[in-house]
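Here the protein sequences line up with chains A and B, keeping their order.
Mapping the first sequence onto the working numbering, position 85 (from 1) lands on 85, and the numbers just tick up by one.
In the working numbering, each number is its position in the second sequence, counted from 1, plus 253.
Cβ atoms here follow ideal geometry from the backbone N, Cα and C, with glycine treated the same way.
There are 2 protein chains.
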Amino acid sequence: MSAGGPPPAVILCRTQMGENIGTAARAMLNFGLTELRLVAPQCGWPNAKAVVAASGAAVVLNRLEVFKDLAAATADLHHTLATTARPREMAKPVVGPEAAAASALAAQAEGRRVGIVFGPERTGLTNDELLLADALVSYPVNPEFSSLNVAQAVLLFGYVWYRQTAGDAPAPPAATAMPATKAELGDLVAHLVRELDAVDFFRVEERRASLIRTITVLLEGRRWNSSEVQLMRGIIKDLVGGRKARRKGSTSG
Amino acid sequence: MSAGGPPPAVILCRTQMGENIGTAARAMLNFGLTELRLVAPQCGWPNAKAVVAASGAAVVLNRLEVFKDLAAATADLHHTLATTARPREMAKPVVGPEAAAASALAAQAEGRRVGIVFGPERTGLTNDELLLADALVSYPVNPEFSSLNVAQAVLLFGYVWYRQTAGDAPAPPAATAMPATKAELGDLVAHLVRELDAVDFFRVEERRASLIRTITVLLEGRRWNSSEVQLMRGIIKDLVGGRKARRKGSTSG
């Protein structure tokens with residue numbers, strides 16, 4: 001992780017369902033976020049449903065803090081982001097999760113403490129709560145079905161944030177074997193054509209050239225490696241050999 | 254949306270908890286995905302818990318389809334992605350969700366049907382199921398807490414996909430022949446294995462499974478189109494039978 005300060009705190013306001021706190025805790029830990037703050041949880045705290053839903057992410061619940069209002073919960077932070085489904089007419093910048101994560105990382109890098117705030121399930125954050133934030137975060141969603149669960153909103157922010165801390169490094173690809181040489185591929189085509197000639201596969205001389213071209217593209221264009229080419233040759237040999245053996249068997253038998 | 258074909262289908266294999274199907278349906282609809290397919294749902298189907306959890310996303314459940322196995326569920330698709338927490342040593346490309354979404358959009362733009370496959374909660378997809386895919390998708394997560402719920406994995410893919418459709422959808426690449434469907438490729442592998450069994454190609458039972466896996470990768474990973482698959486099947490048939498042999502057989506018989 002390149003950022004200097006601690007990762008952002010996640011702040012859940014007036015959450016109504018304990019399960020959502022637990023699921024949010026799991027989502028946080030999935031992406032390396034461990035600092036959870038609750039503002040006046042409506043579901044009460046401690047909360048058994050949250051503990052069950054958090055299974056495996058108890059570390060997040062164990063260190064969470066509860067505050068009476070959002071101002072108290074963000075008092076020690078330097079930069080806060082508030083999520084909202086409906087960015088109202090407010091003199092605040094509105095950004096998507098990627099820009100929000102980038103601003104969080106930039107603040108972190110300067111040693112500033114960052115928090116991202118999520119509202120209650122039904123109503124979202126109030127205008128007064130949104131006003132406390134440095135920027136509003138709005139998620140791009142299907143306008144015809146935009147109701148994101150609070151824990152899912154936490155998950156998406158966590159993912160985008162983690163993705164940016166990790167650089168954009170894609171997962172390492174599986175080791176691949178050395179690709180076959182042109183000679184190996186050429187021999188494979190020649191072997192197959194020889195056997196196909198033996199069974200009069202091409203039938204008409206005029207079709208032969210164009211079919212061989214097609215077969216060549218088909219076999220050479222696919223970046224097989226050496227052992228795959230050897231396997232194909234073994235397959236051809238045995239398919240042909242099996243036929244010959246059967247014929248021999250039937251004539252002698 | 255700039256992409257030509259329909260959005261990707263989401264395929265849930267052997268899902269254990271109905272709630273996860275419902276939550277996945279909501280997550281899909283949040284990001285404009287509406288085609289859900291279930292493979293042998295362990296929680297049973299129809300499922301009351303799924304209906305409750307899907308609240309508001311009934312449109313997704315109403316049109317979902319149930320299949321007996323993954324091959325059947327993907328038979329009409331051209332490009333499939335399989336999600337896994339542990340990309341094993343498999344000769345398959347492994348990508349993150351962003352690259353997966355980009356490849357899905359590229360395939361869509363060409364009018365190819367795409368599906369993304371998610372395994373059951375406990376175990377994930379089997380190696381055989383992973384083998385059916387064109388690419389494996391691995392999510393970047395905190396290595397110390399990597400257990401992503403299946404509906405959350407659906408949500409993250411949906412988000413990343415939607416994010417790309419809304420903005421930087423890739424330009425459609427040059428037209429190429431329609432790639433073979435999964436069913437055509439599956440039939441090709443089955444045909445070859447049947448003939449190889451007939452000539453005792455695999456020799457030792459223990460090698461059979463791993464060789465079939467290699468052959469599957471070799472034949473399915475190469476984006477052959479329908480006519481190439483038909484050509485390969487013709488080749489196998491004639492190598493085995495021998496056109497001359499057949500002709501000889503019919504005249505003497």
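Next on the checklist: Using DSSP's beta-bridge definition, name the partner residues of B:Phe320.
Outcome noted: Walking along the second sequence from the start, residue 320 of chain B turns up at place 67. Per DSSP, the beta bridge partners of B:Phe320 are B:Val292.
Checklist entry - Are any of the Cβ atoms in chain B nearer than 7 Å to that of A:Pro140? => result The residue you call residue 140 of chain A lines up with position 140 of the first sequence. Chain B, which has a Cβ nearer than 7 Å to the Cβ of A:Pro140, makes this yes.
Item to check | C-beta contact flag for B:Ala404 and B:Ala335 at 7 Å | outcome: Position 151 of the second sequence, counted from the first residue, corresponds to residue 404 of chain B. Position 82 of the second sequence, counted from the first residue, corresponds to residue 335 of chain B. In this structure, the beta-carbon distance from B:Ala404 to B:Ala335 does not fall below 7 Å.
Item to check | Beta-carbon contacts of B:His444 that lie in its chain and below 7 Å, excluding the five residues immediately before and after | outcome: On the second sequence, position 191 is the one that residue 444 of chain B refers to. Setting aside the 5 residues that flank it on each side, B:His444 is surrounded in the same chain by Arg486, Ile489, each with a C-beta closer than 7 Å to its C-beta; the list follows chain order.
Item to check | Exposure label - A:Leu131; buried when at least 16 CB within 10 Å | outcome: Walking along the first sequence from the start, residue 131 of chain A turns up at place 131. Exposed, since its Cβ has fewer than 16 Cβ neighbours within 10 Å.
Item to check | Pick from B:Phe320, B:Ala280, B:Leu317 that is closest to B:Gly309, judged by C-alpha positions | outcome: Numbered from its first residue, the second sequence carries residue 309 of chain B at position 56. Nearest to B:Gly309 by C-alpha distance, out of B:Phe320, B:Ala280, B:Leu317, is B:Ala280.
Item to check | B:Ala355 - containing alpha helix (DSSP H), residue span | outcome: For the purposes of this step, residue 355 of chain B is taken as residue 102 along the second sequence, with counting starting at 1. From DSSP, the alpha helix (DSSP H) with B:Ala355 extends over 350-362.
Checklist entry - Exposed or buried, which one is B:Arg339 when buried takes at least 16 other CB atoms within 10 Å? => result Within the second sequence, numbered from 1, the residue matching residue 339 of chain B stands at position 86. With fewer than 16 other Cβ atoms within 10 Å, it is exposed.
Next on the checklist: For B:Ala311, list the residues DSSP reports as bridge partners.
Outcome noted: Here residue 311 of chain B refers to the residue found at position 58 when the second sequence is read from its first residue. Looking at the DSSP output, B:Ala311 sits in no beta bridge, so it has no partner there.
Checklist entry - To the nearest angstrom, how far is it from the Cα of B:Ala422 to the Cα of A:Ala166? => result Looking up residue 422 of chain B in the second sequence gives position 169. Looking up residue 166 of chain A in the first sequence gives position 166. In this predicted model, B:Ala422 has a pLDDT of only 37, less than 50, meaning its place in the structure is not dependable enough to derive any value.
Item to check | Cβ separation of B:Gly271 and B:Asn315, assumed to be a contact under 8 Å, to the nearest whole Å | outcome: Counting from 1 along the second sequence, the entry for residue 271 of chain B is found at position 18. Counting from 1 along the second sequence, the entry for residue 315 of chain B is found at position 62. Taking a contact as a CB-CB distance under 8 Å, the pair B:Gly271 and B:Asn315 does not count as one, their CB atoms being some 16 Å apart.
Checklist entry - Along chain B, which residues have their Cβ under 8 Å away from the Cβ of A:Leu231? => result On the first sequence, position 231 is the one that residue 231 of chain A refers to. Near A:Leu231 (Cβ distances below 8 Å), the residues of chain B are Leu464, Thr467, Ile468, Leu471.
Checklist entry - Taking Cβ-Cβ distances shorter than 8 Å, what residues in chain B pair up with A:Asp134? => result Taking the first sequence and counting its residues from 1, one reaches residue 134 of chain A at position 134. Those do not exist, as A:Asp134 stays about 23 Å from chain B at its closest Cβ, beyond 8 Å.
Next on the checklist: If distances are taken between C-alpha atoms only, which option among B:Val470, B:Gly349, B:Cys296, B:Gly368 comes closest to B:Phe381?
Outcome noted: For this step, residue 381 of chain B is matched to residue 128 along the second sequence. Reading off the sequence shown, one finds Asp at residue 381 of chain B, where the question assumed Phe. Of the candidates B:Val470, B:Gly349, B:Cys296, B:Gly368, the one whose C-alpha sits nearest the C-alpha of B:Asp381 is B:Val470.
Checklist entry - Should A:Asp238 be labelled buried (16 or more other beta-carbon atoms within 10 Å of its own) or exposed? => result Residue 238 of chain A sits at position 238 when you count from the first residue of the first sequence. Buried is the call here.
Next on the checklist: If you reduce the DSSP assignment to three classes, tell me which class A:Val52 lands in.
Outcome noted: Translated into positions along the first sequence, residue 52 of chain A becomes position 52. The answer is helix: DSSP assigns A:Val52 an H, G or I state.
Item to check | Residues near A:Val52 in its chain [Cβ-Cβ closer than 7 Å; skip 5 each side] | outcome: Position 52 of the first sequence holds residue 52 of chain A. Short of 7 Å from the beta carbon of A:Val52, and not among the five residues preceding or following it, lie these beta carbons of its own chain, in chain order: Gly22.
Item to check | The alpha helix (DSSP H) enclosing B:Thr376, as first and last residue numbers | outcome: Position 123 of the second sequence, counted from the first residue, corresponds to residue 376 of chain B. Run containing B:Thr376: none; DSSP gives neither H nor E here.
Checklist entry - Counting Cβ pairs, one atom from each stretch, are 3 or more of them under 8 Å apart for the stretch 324-334 of chain B and the stretch 442-456 of chain B? => result Taking a cut-off of 8 Å on C-beta distances, the stretch 324-334 of chain B does not touch the stretch 442-456 of chain B, as fewer than three cross pairs fall below it.
Next on the checklist: Give me the DSSP bridge partner(s) of A:Val229.
Outcome noted: Here residue 229 of chain A is taken as the residue at index 229 of the first sequence, counted from 1. In the DSSP output, where bridge partners are listed per residue, A:Val229 has none listed.
Next on the checklist: I'd like the list of long-range same chain contacts for B:Ala451, defined as Cβ closer than 8 Å, with 5 residues on each side in sequence excluded.
Outcome noted: As a working note, residue 451 of chain B is residue 198 in the second sequence. Only Val493 meet the Cβ criterion.
Checklist entry - Going by other Cβ atoms of all chains shown within 10 Å of its Cβ, with 16 needed for buried, is A:Pro173 buried or exposed? => result Stepping through the first sequence from its first residue, residue 173 of chain A is reached at position 173. Because the pLDDT of A:Pro173 is 38, which lies under 50, any placement of that residue in the model is unreliable, and the question is left without a value.
Next on the checklist: If the criterion is Cβ atoms closer than 7 Å, does the pair B:Ala357 and B:Ala436 meet it?
Outcome noted: In the second sequence, counting from the first residue as 1, residue 357 of chain B sits at position 104. In the second sequence, counting from the first residue as 1, residue 436 of chain B sits at position 183. No, the pair does not count as a contact, with Cβ atoms beyond the cut-off.
Next on the checklist: Could you compute how far the alpha carbon of B:Thr287 sits from the alpha carbon of A:Ala245?
Outcome noted: Position 34 of the second sequence, counted from the start, is the residue given in the question as residue 287 of chain B. Position 245 of the first sequence, counted from the start, is the residue given in the question as residue 245 of chain A. In a straight line, the C-alpha of B:Thr287 is about 54 Å away from that of A:Ala245.
Next on the checklist: Taking CB distances under 7 Å as the criterion, tell me whether A:Gly124 reaches chain B.
Outcome noted: What you label residue 124 of chain A is simply residue 124 of the first sequence in a count that begins at 1. Taking Cβ atoms only, chain B never reaches closer than 7 Å to A:Gly124, which makes this a no.
Next on the checklist: Between A:Cys13, A:Asn225, A:Leu70, A:Phe31, which has its C-alpha nearest A:Cys43's C-alpha?
Outcome noted: Translated into the one-based positions of the first sequence, residue 43 of chain A becomes position 43. With distances taken between Cα atoms, A:Cys43 lies closest to A:Cys13.
Checklist entry - Is any beta-carbon of chain B found at less than 7 Å from that of A:Arg37? => result Against the first sequence, residue 37 of chain A aligns to sequence position 37. Interface flag for A:Arg37 against chain B is unset, since no Cβ pair is found closer than 7 Å.
Item to check | Whole-Å CB distance - A:Ala100 paired with A:Val137, under 8 Å assumed | outcome: Your numbering for residue 100 of chain A matches position 100 in the first sequence. Your numbering for residue 137 of chain A matches position 137 in the first sequence. Your pair A:Ala100 and A:Val137 checks out as a contact, with CB atoms roughly 4 Å apart and the cut at 8 Å.
Checklist entry - Does the distance from the C-beta atom of A:Arg37 to that of A:Ala9 stay below 7 Å? => result Counting from 1 along the first sequence, the entry for residue 37 of chain A is found at position 37. Counting from 1 along the first sequence, the entry for residue 9 of chain A is found at position 9. Yes, Cβ-Cβ distance for A:Arg37 and A:Ala9 is below 7 Å.
Checklist entry - Who are the neighbours of B:Arg416 on chain A, taking C-beta pairs under 7 Å? => result Position 163 of the second sequence, counted from the first residue, corresponds to residue 416 of chain B. One finds Pro140 in chain A with Cβ atoms closer than 7 Å to the Cβ of B:Arg416, taken in chain order.
Checklist entry - In the DSSP assignment, what residue or residues form a beta bridge with B:Gly368? => result Position 115 of the second sequence holds residue 368 of chain B. As DSSP reads the structure, B:Gly368 sits in a beta bridge with B:Ala262, B:Thr333.
Next on the checklist: If I measure Cβ to Cβ from B:Thr337 and keep anything under 8 Å in the same chain, skipping five residues before and after, which residues do I get?
Outcome noted: Sequence index remark: in the second sequence, residue 337 of chain B carries index 84 (1-based). Within the same chain, B:Thr337 has close Cβ partners Gly372, Gly377, Leu378, Leu383, Leu389, Val390, Ser391.
Next on the checklist: Taking 7 Å as the threshold (C-beta atoms), are A:Gly32 and A:Tyr162 in contact?
Outcome noted: By 1-based counting over the first sequence, the position of residue 162 of chain A is 162. By 1-based counting over the first sequence, the position of residue 32 of chain A is 32. In this structure, A:Gly32 lies closer than 7 Å to A:Tyr162 by Cβ.
Next on the checklist: Among the candidates B:Gln269, B:Glu351, B:Trp477, whose CA atom is the shortest distance from the CA of B:Arg375?
Outcome noted: Taking the first residue of the second sequence as position 1, residue 375 of chain B is located at position 122. Nearest to B:Arg375 by C-alpha distance, out of B:Gln269, B:Glu351, B:Trp477, is B:Gln269.
Checklist entry - When you compare only the Cα positions, how much space is there between A:Leu231 and B:Leu472? => result Counting from one through the first sequence, the residue named residue 231 of chain A turns up at place 231. Counting from one through the second sequence, the residue named residue 472 of chain B turns up at place 219. Between the C-alpha atoms of A:Leu231 and B:Leu472 there is a straight-line separation of about 12 Å.
Item to check | Classification of B:Thr495 by the beta-carbon crowding that lies within 10 angstroms, buried from 16 upward | outcome: Position 242 of the second sequence, counting from 1, holds the residue named residue 495 of chain B. Checking the displayed sequence, the identity of residue 495 of chain B turns out to be Gly instead of Thr. Its Cβ being crowded by 16 or more others within 10 Å, B:Gly495 is buried.
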